[in-house]
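Residues in the sequence shown are numbered from 1 upward in steps of one, following our numbering.
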Amino acid sequence: MCGISLVFDAGCGSESMVSALRTMHDFQAHRGPDGEGYLRIRANNEVLCGRHRTELDAMLLEPITLAAAFRWLRIQDTNAASNQPMRSENGKVWLLFNGEIYNHLELRSELSRDGVQFHTVSDTEVVLAAYIRWGVECFTRFTGMWALAVVDWEHRRLIVSRDRLGIKPLFYSWDGGRLLLASEPQAIALARREGVHAEPYRVREFLGGFPPQDTGLSYFRNVHPVPAGTWGALPLQGHDRPLLSFTRFWDLRSISSTDLSEDDFLNHQESFEQLLLNIAREHSFAAVEVGATLSGGIDSSLLARLLANDARMLGRGPVQTFSIIYRTPSMSEWPYMQFVLAQGGLSGKNFILTPEVAWDSAAEVVATQGKPLLGQDAIAQYCVYRLARENGCTVVIDGQGADELLAGLPQYDAEQFSAWIEGRHWTRLIAELRTRMRRYDLRFADAWNEYIVAPKKRQIARQQISAGYTGYDWIDGTSTLDEASRVPPTVMESPGSTSLSRFLLRQLITTNLPSVLLAQDHNSMRHNVESRVPFVDHRLVEFCVKLPDHYKVFNGV
Numbered sequence: 001m002c003g004i005s006l007v008f009d010a011g012c013g014s015e016s017m018v019s020a021l022r023t024m025h026d027f028q029a030h031r032g033p034d035g036e037g038y039l040r041i042r043a044n045n046e047v048l049c050g051r052h053r054t055e056l057d058a059m060l061l062e063p064i065t066l067a068a069a070f071r072w073l074r075i076q077d078t079n080a081a082s083n084q085p086m087r088s089e090n091g092k093v094w095l096l097f098n099g100e101i102y103n104h105l106e107l108r109s110e111l112s113r114d115g116v117q118f119h120t121v122s123d124t125e126v127v128l129a130a131y132i133r134w135g136v137e138c139f140t141r142f143t144g145m146w147a148l149a150v151v152d153w154e155h156r157r158l159i160v161s162r163d164r165l166g167i168k169p170l171f172y173s174w175d176g177g178r179l180l181l182a183s184e185p186q187a188i189a190l191a192r193r194e195g196v197h198a199e200p201y202r203v204r205e206f207l208g209g210f211p212p213q214d215t216g217l218s219y220f221r222n223v224h225p226v227p228a229g230t231w232g233a234l235p236l237q238g239h240d241r242p243l244l245s246f247t248r249f250w251d252l253r254s255i256s257s258t259d260l261s262e263d264d265f266l267n268h269q270e271s272f273e274q275l276l277l278n279i280a281r282e283h284s285f286a287a288v289e290v291g292a293t294l295s296g297g298i299d300s301s302l303l304a305r306l307l308a309n310d311a312r313m314l315g316r317g318p319v320q321t322f323s324i325i326y327r328t329p330s331m332s333e334w335p336y337m338q339f340v341l342a343q344g345g346l347s348g349k350n351f352i353l354t355p356e357v358a359w360d361s362a363a364e365v366v367a368t369q370g371k372p373l374l375g376q377d378a379i380a381q382y383c384v385y386r387l388a389r390e391n392g393c394t395v396v397i398d399g400q401g402a403d404e405l406l407a408g409l410p411q412y413d414a415e416q417f418s419a420w421i422e423g424r425h426w427t428r429l430i431a432e433l434r435t436r437m438r439r440y441d442l443r444f445a446d447a448w449n450e451y452i453v454a455p456k457k458r459q460i461a462r463q464q465i466s467a468g469y470t471g472y473d474w475i476d477g478t479s480t481l482d483e484a485s486r487v488p489p490t491v492m493e494s495p496g497s498t499s500l501s502r503f504l505l506r507q508l509i510t511t512n513l514p515s516v517l518l519a520q521d522h523n524s525m526r527h528n529v530e531s532r533v534p535f536v537d538h539r540l541v542e543f544c545v546k547l548p549d550h551y552k553v554f555n556g557v
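In structure tokens form, the structure reads like this:
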């Protein structure tokens with residue numbers, strides 16, 4: 001949705017700081033075609049803000065300690081008063097905000113009752129007012145996705161934060177005694193004095209065929225994500241070597257799968273449906289065109305139908321959907337897409353992805369992602385967001401996250417087999433294997449290999465990577481993330497946790513989903529499109545984590 005760039009140097013730089021800021025800001029031009037803004041703090045503690053490119057040149061003429069730039073893609077409020085960086089009434093607090101707060105109307109009402117006066121209808125102003133009213137506790141009150149930086153000059157501190165699941169990206173780097181902050185890691189890598197270098201640990205994982213196994217690292221050396229579900233504080237005065245320290249405001253340690261009886265299934269099914277419906281409605285609110293991806297899977301199909309039904313009830317026209325079609329029958333899910341479209345209320349837009357198109361697009365997608373590709377999924381996603389923009393759609397609803405929540409892929413439920421073996425539940429194990437043999441026309445040996453042997457081999461390979469093993473002795477496997485900068489990860493061994501629930505949590509917050517969300521952000525923003533992911537709403541995540549395993553994997557489903 002937007003692009004954040006910020007440089008802080010307690011030593012009061014000027015030219016080198018402005019050069020770094022310009023590099024990051026220019027690299028992220030695609031993140032905000034609708035305007036830009038600049039902020040700087042002089043060495044004499046004066047704070048200045050402007051909306052024109054000349055502000056960058058002005059920064060060269062004086063010593064400054066902090067410089068920031070912002071680009072925005074307008075989604076909600078087109079009023080110029082919503083421009084960023086946004087200033088508080090007393091001029092001492094400034095906000096750079098990327099994201100959407102879906103409960104901003106409720107928060108606005110609460111703050112208004114406390115005497116706060118609003119001048120826009122934007123959620124940005126609500127975020128700023130919430131921070132001024134509640135401090136860092138405001139993050140626990142937000143429902144939505146965000147990456148933000150608050151220049152709190154009243155308390156002489158910089159506050160950064162990301163949403164609970166890390167839907168919106170924000171990265172940081174210490175470049176000597178200088179802090180660099182940006183929405184994309186490539187921007188920071190280009191601005192660092194040492195130049196661009198690959199993170200060796202990420203390279204080893206890629207060569208091993210694995211997505212990132214540690215959310216503390218990017219593909220660029222010494223460039224790290226602000227941890228999801230945290231806020232970080234950095235003193236802006238009085239410290240020769242300030243430290244950006246993080247505090248977690250949300251995790252899943254206290255939530256585990258509960259022992260619910262079969263009689264509860266229909267009630268929980270109804271609760272899930274109502275919760276998802278409400279969340280999808282919140283996510284579809286915007287002042288611009290809203291569409292949806294449609295892959296043929298249950299996740300995106302369900303969201304498309306919910307949007308179509310709502311649009312029909314509100315008297316709106318068909319909702320646009322965007323799909324990738326493959327000519328190879330074994331890869332194509334076109335029949336499933338047709339079934340969804342045939343129910344009405346949707347206007348399907350399709351793009352045929354051929355091997356030739358994928359190959360021709362590969363270099364462009366690699367440049368967009370800033371990393372090598374493990375498969376063609378990122379290319380397909382890049383093309384689908386381009387299709388959305390070509391059809392005038394600025395917000396796209398996507399089904400990411402459902403597989404990680406509900407064990408939606410065949411390889412996910414393999415974890416359940418390991419648990420049955422460890423617990424010697426042989427009857428259940430054989431029954432589930434036979435069900436899959438019938439469903440997928442497998443021999444027993446093939447089923448045993450796919451669900452028992454192959455997952456164990458993948459687990460061993462992941463452990464070898466984590467332990468430092470590599471067959472590539474020319475790669476330094478040492479992580480560049482300072483241990484002092486790490487935030488303790490969400491504990492997977494919560495009370496009542498199972499092998500499957502721990503596996504899904506890792507997929508959700510450590511391995512698969514964080515990588516998918518970052519790739520989706522880069523692909524969508526490259527085409528000036530905001531992607532929204534209802535399944536990754538923290539309320540739905542918490543609900544699904546509480547569900548027992550047999551609601552997710554049972555009788556071959």
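In this text, a Cβ means the ideal position worked out from N, Cα and C, and glycines have one as well.
Here the structure is a predicted model, which is why all the values come from computation and not from measurement.
Taking 8 Å as the cut-off, the Cβ atoms of I324 and A402 do not count as close.
For D403, the enclosing alpha helix (DSSP H) covers residues A402 to L406. In the structure shown, P85 adopts coil according to DSSP, grouped into three states. In terms of CA proximity to A280, N309 leads the group N309, L266 and C383.
For the pair S347 and V319, the CB atoms are nearer than the 8 Å cut-off. A Cβ-Cβ distance of about 17 Å is found for the pair L95 and D34, leaving them out of contact under the 8 Å criterion. With contacts defined as CB atoms closer than 8 Å, G345 and A388 fail to qualify as a contacting pair. Note on W231: 16 or more other CB atoms within 10 angstroms of its CB, so buried under the neighbour-count rule.
The count of Cβ pairs closer than 8 Å, one atom from the segment 291 to 300 and one from the segment 327 to 338, reaches three, so the stretches are in contact. The C-beta of R162 has 16 or more other C-beta atoms within 10 Å across all chains shown, which makes the residue buried. Under the rule that a run must span 3 or more residues, the beta strand (DSSP E) segments found entirely inside the segment 366 to 454 read 395 to 397. The continuous alpha helix (DSSP H) containing R202 extends over residues P200 to L207. When secondary structure is reduced to three states using DSSP, T23 falls in the helix class.
Closest by C-alpha distance to Q28, out of D549, S524 and F535, is S524.
Closest in alpha carbon position to R22, among Y382, R192, N98 and L128, is R192. Taking a C-beta distance under 8 Å as the contact criterion, R526 and T368 qualify as a contact pair. Of the residues assessed, N98 falls on the buried side of the cut-off, its CB having 16 or more other CB atoms within 10 angstroms.
Non-local C-beta neighbours of M24 in its own chain, meaning closer than 6 Å and more than five positions away in sequence, comprise S5, A182, A187 and A191, ordered along the chain. In the structure shown, S112 adopts helical secondary structure according to DSSP, grouped into three states. Between A129 and L111, the beta carbon gap of about 5 Å places them in contact (Cβ cut-off 8 Å).
Take the alpha-carbon of N45 and the one of E415: they are about 56 Å apart. Of the residues assessed, L433 falls on the buried side of the cut-off, its CB having 16 or more other CB atoms within 10 angstroms. DSSP places Q237 in the coil class of the three-state scheme, outside both helix and strand. Secondary structure within the segment 332 to 361: the alpha helix (DSSP H) runs of 4 or more consecutive residues, fully enclosed, are 334 to 341 (chain order).
Counting C-beta atoms within 10 angstroms of its own C-beta, T427 has fewer than 16 neighbours from the protein chains shown and is therefore classed as exposed. When rounded, the separation of the alpha-carbon atoms in R532 and V553 is 27 Å.
Cβ atoms of L303 and G177 stay farther apart than 8 Å, at about 46 Å. The criterion of a C-beta distance shorter than 8 Å is not satisfied by M59 and R71. The Cβ neighbour count for S284, taken over all protein chains shown within 10 Å, is at least 16; the residue is labelled buried.
In the three-state reduction of the DSSP assignment, V529 falls in the coil class.
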